[in-house]
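Chains as they are written, first to last, in the working numbering: chain A, 27 to 279; chain B, 74 to 390; chain C, 769 to 1056.
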Amino acid sequence: MAVAALTARGSLLQTLGLTRTFGGLQAVRSVDFRLLPGEIHAIIGPNGAGKTTLVNLISGRLAPDAGRVFFNGRDITHLRAPDRVGLGIVSTSQSISIYRRLTVFENVALAAQRRLMQRLAERVALNRRALAEEVAASLDRVGLGGAADATAGALPYGHQRLLEIAMTLALRPRLLILDEPTQGLAPDEIGALVALIRRVARDVTVLLIEHNVTVVLELSHRITVMDKGRILAEGAPDEIEAHAEVQRVYLGA
Amino acid sequence: MTGRGMLIVHVALLALLWVLQFVLPPFHHGMVARILVLAAYAIGYNVLLGYTGLMSLGHAMFFAAGVYGAGLLVYYSAAGAVSGLLAGVLAGLGLAVILGLLSLRTTGATFLLVTMMFGQVGYLLTLYFNRITLGDQGLILSGRLEPLRVGAIDVTLSNPAVRFNAALLIFGLCLLLSLWLARSPVGRVLVAIRENEERTRMLGYDTFRYKLFALVLSGGICSLSGAAYALLFAYVGNTFASILYSIYPLLWTLLGGAGTTFGPLAGTALMSYAIDVASGLTSAYLMVVGLVLVVTILWFPSGIVGSLRARRWRWLP
Amino acid sequence: MSLGVRLFLALLEGTVTGLVLGLAALGLSLVFGVMRIVNIAHGAFFMLGAVIAWYVTSTTHSFVLALVGAPVAVAGVALAVDRFVLRPVRYATEATIVATIGVLYILEQLVLSVYGPYARAVPAPIYFRIDFPWFGYSGYKIVVAAAAMLLLAATWWLVARTTLGLYMRATQQNREMAEAFGVPVDRLYACVFALGGLLTAIAGALVVPIQQAHYLMGLDMLLLSFMVVIIGGLGSLGGTLVGALLVGLVDGVVSVFFTPTLARIVASVVVALVLVVRSQGLFGGEAS
Chain A
27 MAVAALTARG
37 SLLQTLGLTR
47 TFGGLQAVRS
57 VDFRLLPGEI
67 HAIIGPNGAG
77 KTTLVNLISG
87 RLAPDAGRVF
97 FNGRDITHLR
107 APDRVGLGIV
117 STSQSISIYR
127 RLTVFENVAL
137 AAQRRLMQRL
147 AERVALNRRA
157 LAEEVAASLD
167 RVGLGGAADA
177 TAGALPYGHQ
187 RLLEIAMTLA
197 LRPRLLILDE
207 PTQGLAPDEI
217 GALVALIRRV
227 ARDVTVLLIE
237 HNVTVVLELS
247 HRITVMDKGR
257 ILAEGAPDEI
267 EAHAEVQRVY
277 LGA
Chain B
74 MTGRGMLIVH
84 VALLALLWVL
94 QFVLPPFHHG
104 MVARILVLAA
114 YAIGYNVLLG
124 YTGLMSLGHA
134 MFFAAGVYGA
144 GLLVYYSAAG
154 AVSGLLAGVL
164 AGLGLAVILG
174 LLSLRTTGAT
184 FLLVTMMFGQ
194 VGYLLTLYFN
204 RITLGDQGLI
214 LSGRLEPLRV
224 GAIDVTLSNP
234 AVRFNAALLI
244 FGLCLLLSLW
254 LARSPVGRVL
264 VAIRENEERT
274 RMLGYDTFRY
284 KLFALVLSGG
294 ICSLSGAAYA
304 LLFAYVGNTF
314 ASILYSIYPL
324 LWTLLGGAGT
334 TFGPLAGTAL
344 MSYAIDVASG
354 LTSAYLMVVG
364 LVLVVTILWF
374 PSGIVGSLRA
384 RRWRWLP
Chain C
769 MSLGVRLFLA
779 LLEGTVTGLV
789 LGLAALGLSL
799 VFGVMRIVNI
809 AHGAFFMLGA
819 VIAWYVTSTT
829 HSFVLALVGA
839 PVAVAGVALA
849 VDRFVLRPVR
859 YATEATIVAT
869 IGVLYILEQL
879 VLSVYGPYAR
889 AVPAPIYFRI
899 DFPWFGYSGY
909 KIVVAAAAML
919 LLAATWWLVA
929 RTTLGLYMRA
939 TQQNREMAEA
949 FGVPVDRLYA
959 CVFALGGLLT
969 AIAGALVVPI
979 QQAHYLMGLD
989 MLLLSFMVVI
999 IGGLGSLGGT
1009 LVGALLVGLV
1019 DGVVSVFFTP
1029 TLARIVASVV
1039 VALVLVVRSQ
1049 GLFGGEAS
């Protein structure tokens, strides 16, 4: 892993002193976090460490109580979630959030058309063929090419996950955030997903939250370990594996 | 079914309705005209309920905006029908923008109640300004309305043939508008908001703006229907602003099938004819209508057109 | 009467109205909260309670019998509606709305046909006056207020301290989980719906001596109940009571200064704005 080469370039995403409290609990405490362009970066940590909160602060689902978020050098702290999607920050959540009653095609079409609806005329009527091509391409990338007419809610769990990823890909993300993508998947599905993420990461920076340590060690260029709202450690997989604190807190040594 | 195919089906329906005027006896002639205008009201309501998933109990204020916008202008000034129509629609659009900015941060039961409250305010205002509106006694427009000048011909709106065709025109416009919405990218986003608003935001859509658009479109269609009703049936009264006229489009839309293009017409027609037939049979016509409602919804839980679409004809828009 | 006195009278009246409204709206709140449906026939149950109470009192000359008989009868009607109308559509939101509108029409027509279009009252079962220095006040109204408070307390006890109440609260929180834990949801729904009808009917029976029984009296009660339940916060008993008192008192006090029409306008605008600012109502849980 060419970590040294990656750190030489500027960061794609940066947070400074990011803080978020719920009730009395500080879920994220003054976190300084960096993402380098083109990397696959995993965040791991015990439950309640603040991983999902951090990621929601980055995607815009949550607003911070303090701190700043920068994307490509631009301060996006006050930008709302839909606008961040427009900049290329696309995320999925832990529980699969798709349109269960609509078809697979409709699900991806909604994502694909977002990019195509820039001008007023395109909100009135779209080139249906262009849209269909986009949808087909996204579905093929995740391996759901034949399922376009199926009802999304009727798909097996693993395929629903893939559908969600297809939707994110149709948005042409620059930063793809995946929150526990392997949760609930069978072993062979996990293998396929890992391969998919590797393929996707050729053009997209990937940030993922994962509990599956094997997947994390296999996929990531860099790993951040969180505990109780703070970053405990950060570095390449072998560094993290050897890290004493991390072993104690998380890897269960 | 392709887009062109669907368009043909809709135009065919309109053509069928147009032919009806030559075969219907006089009473049904006027009845169908009334149903068409009210079905347009239901179409407007369906935009918000069926497509965007927002249930309002205050839509009478839009219908009344049209009724009073057109009616008051025509009654108290020398303005003609077209100006009246325009005034009614503008009033509805303006009201929708204001209501949207105030209420669209809420959803579900809260939205229901907020719209109901504002609807009540509208009704109470017609009572408060009793001197101008004459409350439920209302204003009779016939005689005040100058005939329309179409080319070299004078066209009186109270003429049954004119009335029927005008009603059909208004309905057709609204029907085709709803067909466009059902198939357009914007319509797709509205459905997405209905199905999963959070997901829609995370796909990059500013859902507030889309909901506002839906409400303004809905308000505009409903006020168009109201203005047409006042001008064609020459009556302006405050029953049109009451909660009853907020419940009606809800009922017609759900009965016919929310989220379908033909549903509003089906529901309006069924209710109107159920009331008509029942009152001919017995003075306890409300009971018959109630039974029709219960039985219909037991058999067609998604509304008539909605259930047909779910069971057999999936291509129905 | 001076302004102060008028205000005092308005507060009295508002409290009585509020308590009765709270009792009537409680049924709607429970049904809304546990079953997640909107019962448009709710006002009709209120009306039915009043009308049946009138019948029983007129024939047996016993108001107490009416107070027992009417709610029981209405609870029976509610059970039938649940079994034959609501359960077949599986309590789907939109279908329930259409179906309960149908039930509303049927009940209104039944009453219109049998009872007639006139408004009729019964004499108050207890007639005494409470003499304030400035005016005499109907003692019966005080009794009604007391009865309402008693019933509200009884319902609170039912929900907070009995197994039925436990089932209700569990199902309201999470229906699937409640079912998984063995709560008989179908029978629970029937009970809750019947209870809702019962409470509303008692309120209707109580007001017959004050406000006559008329076949259309349910519509206003429906609107007011909606208002109360949503202001107070869906599924919150305390919220319903506070909401009802608020509505009753505000309406009463505002009417002292403005015409009834203007008072209603002001009240409606205030309610709407409160909800815009705080969409979960005064006591509701998370904002929707």
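Note that CB positions come from ideal geometry on N, CA and C, so glycine has one too.
For B:M189, the closest Cβ of chain A is not nearer than 8 Å.
The Cβ atoms of B:L177 and B:F281 lie closer than 8 Å to each other.
Under the DSSP assignment, C:G1007 falls in the alpha helix (DSSP H) whose first and last residues are L1005 to F1025.
In the three-state DSSP reduction, B:E270 falls in the helix class (H, G or I).
The C-alpha of A:R198 is placed about 42 Å away from the C-alpha of B:L86. For C:Y957, no Cβ of chain B is located within less than 8 Å of the residue's own Cβ. Residue-level contact by beta carbon fails for B:N119 and chain A, as no gap is shorter than 8 Å.
When DSSP states are grouped into helix, strand and coil, A:M252 belongs to the strand group. Considering only beta carbons, the part of the stretch 199 to 210 of chain B lying closer than 7 Å to chain C consists of L200 and Y201, in chain order. Taken in chain order, the complete alpha helix (DSSP H) segments of 4 residues or longer contained in the stretch 73 to 107 of chain A are 77 to 85. Taken through DSSP and simplified to helix, strand or coil, B:V228 comes out as strand. For C:T825, the enclosing alpha helix (DSSP H) covers residues H810 to T828. Contact holds between the stretch 249 to 266 of chain A and the stretch 51 to 67 of chain A, because three or more Cβ pairs, one in each stretch, are under 8 Å apart. Fully enclosed alpha helix (DSSP H) runs of no fewer than 4 residues occupy 130 to 142 and 146 to 150 of the stretch 109 to 162 of chain A, in order along the chain.
Annotation for C:V1021: L775, A778, L779 and G782 place their beta carbon closer than 8 Å to its own, counting only its chain and skipping 5 residues before and after.
As summarised for the stretch 315 to 376 of chain B, the continuous alpha helix (DSSP H) elements at least 4 residues long and confined to that stretch are 317 to 329, 336 to 354 and 358 to 372, given in chain order.
A Cβ of chain B is located within less than 8 Å of the beta carbon of C:E876.
Among the residues of chain A, those whose CB is under 7 Å from the CB of B:E268 are Y125, R127 and L128, following chain order.
The contact set of A:R256 on chain B, defined by CB atoms closer than 9 Å, is empty, because the minimum CB distance reaches about 27 Å. Per DSSP, A:H67 is one residue of the beta strand (DSSP E) stretching across I66 to I70.
Linking A:G74 to B:L324 through their CA atoms gives a straight-line distance of about 47 Å.
Between B:S291 and B:V120, the C-beta gap is smaller than 8 Å, which places the two residues in contact.
According to the DSSP assignment, A:D58 belongs to the beta strand (DSSP E) that extends over L51 to L61. Chain-ordered, the chain C residues with CB closer than 7 Å to the CB of B:S176 read V1044. Listed by position along chain C, the residues whose Cβ is nearer than 8 Å to that of B:I370 are V857, A863, V866, A867 and G870. For A:L42, the secondary structure class from DSSP, reduced to helix, strand or coil, is strand. Of all residues in the stretch 341 to 362 of chain B, the ones placed with a Cβ closer than 9 Å to any Cβ belonging to chain C are S356, A357, Y358, L359, M360, V361 and V362, in chain order. C:P839 places its beta carbon less than 8 Å from that of C:A973.
In the three-state reduction of the DSSP assignment, A:E265 falls in the helix class.
Among the CB atoms of chain C, none fall inside 8 Å of the CB of B:Q94. A Cβ-Cβ distance of about 17 Å is found for the pair B:V82 and B:L93, leaving them out of contact under the 8 Å criterion. Within chain C, the residues placing a beta-carbon under 8 Å from that of B:I316 are L987 and L991, ordered along the chain. At a cut-off of 8 Å between beta-carbon atoms, C:I998 makes contact with chain B. When secondary structure is reduced to three states using DSSP, A:L233 falls in the strand class. Taking the Cα positions, A:P213 is about 36 Å away from B:V262. Spatial neighbours of C:V788 in its own chain (CB-CB distance under 7 Å, excluding positions within 5 residues in sequence) are listed in chain order as V912, A916, A971, L974 and V975.
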